[in-house]
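Below is one structure; the comments refer to it alone.
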Amino acid sequence: MAQGVKHDYHLVNPSPWPLVASISATVMALGGVTWMKGLFGMPKGTSILFFAGLAGVLYTMFGWWRDVIKEANEGDHTPVVSIGLRYGMILFIASEVMFFVAWFWIFFEMALFHHHRTLSSIEEVRSAWATWPPHGVETVAAWHLPLVNTLTLLLSGTTVTWAHHALQQGDRNGAKWGLLLTVLLGVMFTSIQAYEYRHILEHKYFFNTEAVNSGLYGSAFFMATGFHGFHVLIGTIFLTICLLRLLSGGFTPTKHFGFEAAAWYWHFVDVVWLFLFAFIYVIFGTHAGGHG
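Given below as structure tokens:
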């Protein structure tokens, strides 16, 4: 902290990261459009622009978070600043909750009011939406891989809590083991979900010839579970960084907000998955044609 400062607030030095992040995110978004549809004279399937933007985003994440860690180590994160960081993380998680509310909303709208689509003048649409899930859609058996992933995330919630409590008690060795187990369980979850997706696509559960005009089911399923899987991946990276910091001597029993924020995020991911499992896989996703 600069000499002579008489207040508890941290005035951040000029930083290039907001501008670099904005440019990189824009390039990545345009690159995604180019990859899927073609843009700027580039043919569909051109991915170089997307990966250039992604590289910029990853570079920004590394540089910006490195600066924040450096500020914390230099004592810039006073109690007042720490409160602000906590409020910021809480608001971020709240925004993520509303993000998932949107996917749940469309899925519930289809599951609860699908019969309204039977008023269509198109026979195939009426036939497809007469039941839920739509006729021709093969669902994923909830009590196979989804159950394994549910148990995996629940166990990871206990290990990250163990690591947090161990760190608070000064047990760095216990914190390291708890964090390592949590990261491994996160990798396990992602691997199982990737296998499940591959199985769904290979067997065309949601997109066979019988499921005419019922692709909304597959879209809602993949958007909800896929974005959750993306959040698990981000959370795993978050916890891996915390593990590396812990192994390099970072964090103390009283100053470890970086890890605390990662633990909050991971518990949020756990809770969202419980809702996904209960509603999308079990309550509104079960019918006689379910497969695992």
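In the numbering used here, the protein residues as written are 5 to 296.
A virtual CB, placed ideally from N, CA and C, is assigned to each residue, including glycine.
Predicted model, so just to flag it, every value in this text is computed and none were measured.
Using a C-beta cut-off of 8 Å, the segment 236-256 makes no contact with the segment 78-92, since fewer than three inter-stretch Cβ pairs fall below that distance. Residue nearest to residue 140 within the set 208, 22 and 66 is 208 (criterion: CA-CA distance).
For residue 260, same chain residues with a beta-carbon under 7 Å away, outside a window of 5 residues either side, are 171 in chain order. Under DSSP, no beta-bridge partner is assigned to residue 34. Put simply, of 32, 197, 143 and 238 the residue whose alpha carbon is nearest the alpha carbon of residue 187 is 238. In terms of Cβ geometry, residue 154 and residue 281 form a close pair [threshold 9 Å].
Assignment of residue 15 by DSSP, reduced to helix, strand and coil, places it in the coil class. DSSP assignment within the segment 20-81 yields the following whole alpha helix (DSSP H) runs of 4 residues or more, N-terminal first: 21-41 and 52-77. When secondary structure is reduced to three states using DSSP, residue 253 falls in the coil class, being assigned neither helix nor strand. For residue 202, the enclosing alpha helix (DSSP H) has its first and last residue at 176-207.
DSSP places residue 280 in no alpha helix (DSSP H); its state is neither H nor E. If the five residues before and after residue 265 are omitted, its C-beta is found closer than 6 Å to the C-beta atoms of 93, all from its own chain and listed in chain order.
The beta carbon of residue 272 lies closer than 6 Å to those of 97 in the same chain, with the five residues before and after it left out.
The shortest CA-to-CA distance from residue 181 to any of 248, 18 and 51 is the one to 248. By the criterion of a C-beta distance shorter than 6 Å, residue 50 is surrounded in its chain by 38, once the five residues flanking it on both sides are discounted. In the displayed model, residue 139 falls within coil according to three-state DSSP, outside both helix and strand. Take residue 107, set aside five residues on each side of it, and the residues of its chain with a beta-carbon closer than 6 Å to its own are 227 and 228, in chain order. Close CB contacts of residue 225 within its chain, under the 6 Å cut and outside five residues either way in sequence, are absent.
Taking residue 146 as reference, the option from 13, 12 and 278 with the minimal CA-CA separation is 278. In this structure, residue 193 sits near residue 156, with a CB-CB distance shorter than 9 Å. About 4 Å separates the CB atoms of residue 160 and residue 189; that is less than 8 Å, so the two are in contact. When the alpha-carbon of residue 223 is set against those of 246, 111, 173 and 28, the nearest one is in 111. By the Cβ criterion, the segment 11-26 is in contact with the segment 66-73, since at least three pairs of Cβ atoms, one from each stretch, lie closer than 8 Å.
Between residue 221 and residue 137, the C-beta spacing is below 9 Å. Classified as exposed, residue 119 has fewer than 16 neighbouring CB atoms from the shown chains inside 10 Å of its CB. Residue burial annotation: residue 28 is buried, with at least 16 other C-beta atoms found within 10 angstroms of its C-beta. Pairing residue 162 with residue 168, the inter-Cα distance amounts to about 10 Å. In the displayed model, residue 268 falls within a helix according to three-state DSSP.
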